[in-house]
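Each remark here refers to the structure printed beneath this line.
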Amino acid sequence: MRELKTVSQLEVLRNRKRILANPLPFHSENFKKYGDTFRVKVGPGKAIVFTKDPEIVQQVLQKQQKKFQKSPLQTKDLAKYIGHGLLTAEGEHWRAQRRMIQPAFHRKKLAGLLGTMQLAIKEELQRFEADKTLDVFPLMGDLAFQVVARALFSHSDIRDKMSRLQYITETNQKMLIREMRQPYLVWWFKLSGQINKHLKYSEDSRKLLNEIIEERIGLEREKDDLLDMLLKATYEDGTHMARQQLIDEVLILFTAGHETTANALSFTLFLLARHPEIQEKVYREIQENVRPDMDILEWISKLPLTQQCIEEAMRLYPPVYVIDRMAREDISIADYDFSKGTLLIMSVYELHRHSDFWIDPESFNPGRFSKEHKKKMGPYYYPFGAGPRMCIGNSFAIYEMIMTVVEILSTYTISSMSPTIELNPLISLKPKEVRLNFQER
Ligand code: HEM
5 MRELKTVSQL EVLRNRKRIL ANPLPFHSEN FKKYGDTFRV KVGPGKAIVF
55 TKDPEIVQQV LQKQQKKFQK SPLQTKDLAK YIGHGLLTAE GEHWRAQRRM
105 IQPAFHRKKL AGLLGTMQLA IKEELQRFEA DKTLDVFPLM GDLAFQVVAR
155 ALFSHSDIRD KMSRLQYITE TNQKMLIREM RQPYLVWWFK LSGQINKHLK
205 YSEDSRKLLN EIIEERIGLE REKDDLLDML LKATYEDGTH MARQQLIDEV
255 LILFTAGHET TANALSFTLF LLARHPEIQE KVYREIQENV RPDMDILEWI
305 SKLPLTQQCI EEAMRLYPPV YVIDRMARED ISIADYDFSK GTLLIMSVYE
355 LHRHSDFWID PESFNPGRFS KEHKKKMGPY YYPFGAGPRM CIGNSFAIYE
405 MIMTVVEILS TYTISSMSPT IELNPLISLK PKEVRLNFQE R
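Residue 5 is where the sequence shown starts when you use the working numbering, and the numbers rise one by one after that.
Have a look at this one:
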């Protein structure tokens, strides 16, 4: 058995300010010092195992997934704001929800939503102005939020309600980050009423969603959107989802679906702006294959280079940059012993840039994801996770991102003066800002 190298608690304390601002360099230094798997002491008798070992990642997420569960960071801390639905639930409850909701995200079902999603994208992009430099990150945030909103509630006029929901989703997430990064201040957050204030926000968002659902149930006409599919979906015994559960699932789709996609889109646009020759090839691919009279899914499937650019952007900047799991029992993997209760953090960011598995890992090279290369690719790429808890919205996200890149590049040439991008890893990996120049074609 191999012995895990340990980063002391003193070392963590010494670096606490850096870790609070951006933990990625600290992770990276320790991977360099201690190898692909190491342990970080975070308190008396408390440690977290960090890994970028592909064998461990594959065992934990897929081959031995039954022996692991999500950590309390998701099942408790996140769940107190967004409830117990797909992302935050565990065990039988999660399985029943997943089985019920999965069909709504099937490619064929999604095909019926693409027109609505495209409309939302076009509307949001009207806010772009030619010959201007804009920070696209907040714009992509609004765009991704509106796309989920319209996919869920296709025809309702819910702009005001959605702005409120977006505000709540985003401020609650900021609160959660403070709780996670400053656990020593949680007593103060409780005492000063800050946590309660945010829990009250969550209550408000539930009420607001309930109003939209009530309105929908009162309507005679059927709508072919995600809410309709969730309302009609049944468990194996033929019963429907309880109202509170439905509200939790809707909140979770907003939380899981908007920020991740906004981040990935912002990084993709930045990389295309920095690589004009690749951007030009993507533009030509779009020009040659996208026709307004064509079925959307048909032209989406004819844009392999556009998709490869998005995939390569998510390799370099995976929105979900770490995936956590907790061991349900004592277990040995890759010659390491992990005792029951061990918290494992799998660094997707580090694995995606691991020099043993990627040639010239820091460079942007969409060709890595060509059909021929993909066939030979090992288990080193996890932007959507893997195994039974893999992202349910992966096709939704890919379609949305392709449609957005198509809309933008059909109208503008984009460029960036900045050679690098400053990262802001919170719950997801965000850019600080992405200032791009838009020149009309
Ligand atoms: C680029 C965009 C996205 C990325 C990178 C992403 C990434 C991920 C990852 C890595 C997981 C697995 C987490 C884990 O195993 O702990 C996940 C789960 C999930 N994602 Fe996504 N996601 C994206 C977009 C979306 C969208 C658009 C939706 C819905 C509209 C969505 C809904 C979910 C849900 C509900 C789960 C939990 C699934 C379960 O546990 O059964 N995601 N996502």
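The beta carbon of each residue, even a glycine, is placed where N, CA and C say it ideally should be.
(1) Can you find the residues in the same chain that come closer than 7 Å, C-beta to C-beta, to I282, ignoring five residues on each side of it along the sequence?
(2) The alpha helix (DSSP H) with S2 in it runs from where to where?
(3) Jot down the residue ranges of each uninterrupted beta strand (DSSP E) in the stretch 90-158, minimum 3 residues, whole runs only, in chain order.
(4) Quick one: does the C-beta of I125 sit closer than 8 Å to a heavy atom of ligand 1?
(5) Return yes when at least one heavy atom of ligand 1 lies under 8 Å from the C-beta of G345, else no.
(6) Have a look at Q177 and E366 and give me their C-alpha separation to the nearest angstrom.
(7) Return the CA-CA distance between L129 and N200, expressed in angstroms with no decimal places.
(8) For P58, count neighbouring Cβ atoms within 10 angstroms of its own Cβ and tell me buried if that reaches 16, exposed if not.
(9) Please classify L189 as buried or exposed, where buried requires at least 16 neighbouring CB atoms within 10 angstroms.
(10) Just to confirm my understanding: we take M104, look at its own chain, exclude 5 residues before and 5 after, and list those with CB closer than 8 Å. What are they?
(11) Using DSSP's beta-bridge definition, name the partner residues of A51.
(12) Could you give the DSSP three-state label for Q186: helix, strand or coil?
(13) Between which two residues does the beta strand (DSSP E) containing P429 stretch?
(14) Determine whether the Cβ of S305 lies closer than 9 Å to any Cβ atom of chain D.
(15) Confirm, please, whether the CB-CB distance from Q78 to T92 is below 9 Å.
(16) Would you mind sorting M405 into buried or exposed? The rule is 16 or more other CB atoms within 10 Å of its CB.
(17) Are the Cβ atoms of I256 and Y403 separated by less than 9 Å?
(18) Quick check on the DSSP output: the beta strand (DSSP E) that includes T79 runs from which residue to which?
(19) Tell me which residues share the same chain as V61 and place their Cβ nearer than 6 Å to its Cβ, disregarding the 5 neighbours each side in the sequence.
(20) Give me the Cβ distance between A148 and L269, rounded to the nearest whole Å; I'm assuming they're in contact under 8 Å.
(21) Does the distance from the CB of E376 to the CB of P323 come in under 9 Å?
(22) By the three-class DSSP mapping on this structure, what secondary structure does H244 have?
(23) Does ligand 1 have a heavy atom nearer than 8 Å to the CB of Q78?
(24) When the Cα of A153 is compared with those of K380, V254 and K70, which residue comes out closest?
(25) Going by DSSP, which residues form a beta bridge with N441?
(26) On the criterion of 16 or more Cβ atoms from any shown chain inside 10 Å, does G87 qualify as buried, or is it exposed?
(27) Please classify R278 as buried or exposed, where buried requires at least 16 neighbouring CB atoms within 10 angstroms.
(28) Please name the residue in V409, K194 and T310 whose C-alpha comes closest to that of S374.
(29) Out of curiosity, what's the CA-to-CA distance linking D360 and R43?
(30) Let me know the secondary structure DSSP gives T346 once reduced to three states.
(31) When you compare only the Cα positions, how much space is there between I23 and T259?
(32) At what residues does the alpha helix (DSSP H) containing S32 begin and finish?
(33) Kindly examine ligand 1 and report whether one of its heavy atoms sits closer than 8 Å to the Cβ of K74.
(34) Output the boundary residues of the beta strand (DSSP E) element that contains L433.
(35) Go through its chain and collect everything with a Cβ distance to T41's Cβ below 6 Å, but skip five positions before and after it.
(36) Would you say the stretch 137-147 touches the stretch 432-440, given that touching needs at least three Cβ pairs under 8 Å?
To lay it out plainly:
(1) Taking I282 as the centre and dropping the five residues before and after it, the same chain places the C-beta of L276, C313 and P370 closer than 7 Å to its C-beta, in chain order.
(2) In the structure as shown, the chain begins at 5 and stops at 445. Residue 2 is therefore absent and cannot be evaluated.
(3) For the stretch 90-158, whole beta strand (DSSP E) runs of length 3 or above, ordered along the chain, are 136-139.
(4) It does not: the Cβ of I125 is nowhere closer than 8 Å to a heavy atom of ligand 1.
(5) Not under cutoff, so the answer is no.
(6) About 30 Å.
(7) Going from the Cα of L129 to the Cα of N200 covers about 37 Å.
(8) Around the C-beta of P58, 16 or more other C-beta atoms lie within 10 Å, and the residue is accordingly described as buried.
(9) Exposed, by the Cβ-count rule.
(10) Only A237, T238, Y239 and M245 meet the Cβ criterion.
(11) Checking the DSSP bridge columns, you'll see A51 partnered with K45.
(12) Residue state, collapsed to three classes: coil.
(13) Judged by DSSP secondary structure, P429 falls within the beta strand (DSSP E) whose first and last residues are L427 to P429.
(14) Reference to chain D is not applicable here, since this structure consists of a single protein chain.
(15) Cβ distance < 9 Å, so T92 and Q78 count as in contact.
(16) M405 should be labelled buried.
(17) It is not a contact, given that the beta carbons lie outside the stated cut-off.
(18) Unbroken run through T79: none, as it is neither H nor E.
(19) Taken in chain order, the residues that qualify are M350.
(20) For A148 against L269, the beta-carbon gap comes to about 7 Å, under 8 Å, which counts as contact.
(21) P323 is positioned such that its CB atom lies no closer than 9 Å to that of E376.
(22) Taken through DSSP and simplified to helix, strand or coil, H244 comes out as strand.
(23) Remark: the C-beta of Q78 is in contact range of ligand 1, defined as less than 8 Å to any heavy atom.
(24) Closest by alpha carbon: V254.
(25) Partner(s): T137 and S419.
(26) Its Cβ being crowded by 16 or more others within 10 Å, G87 is buried.
(27) Buried is the call here.
(28) Minimum Cα distance to S374 is reached at T310.
(29) The alpha-carbon atoms of D360 and R43 are separated by roughly 21 Å.
(30) It is coil, neither helix nor strand.
(31) In a straight line, the C-alpha of I23 is about 24 Å away from that of T259.
(32) Counting along the chain, the alpha helix (DSSP H) containing S32 begins and ends at L28 to Y38.
(33) For ligand 1, at least one heavy atom lies less than 8 Å from the Cβ of K74.
(34) Where L433 is concerned, the enclosing beta strand (DSSP E) stretches over L433 to P435.
(35) The beta carbon of T41 lies closer than 6 Å to those of T55 and D57 in the same chain, with the five residues before and after it left out.
(36) Short answer: they touch.
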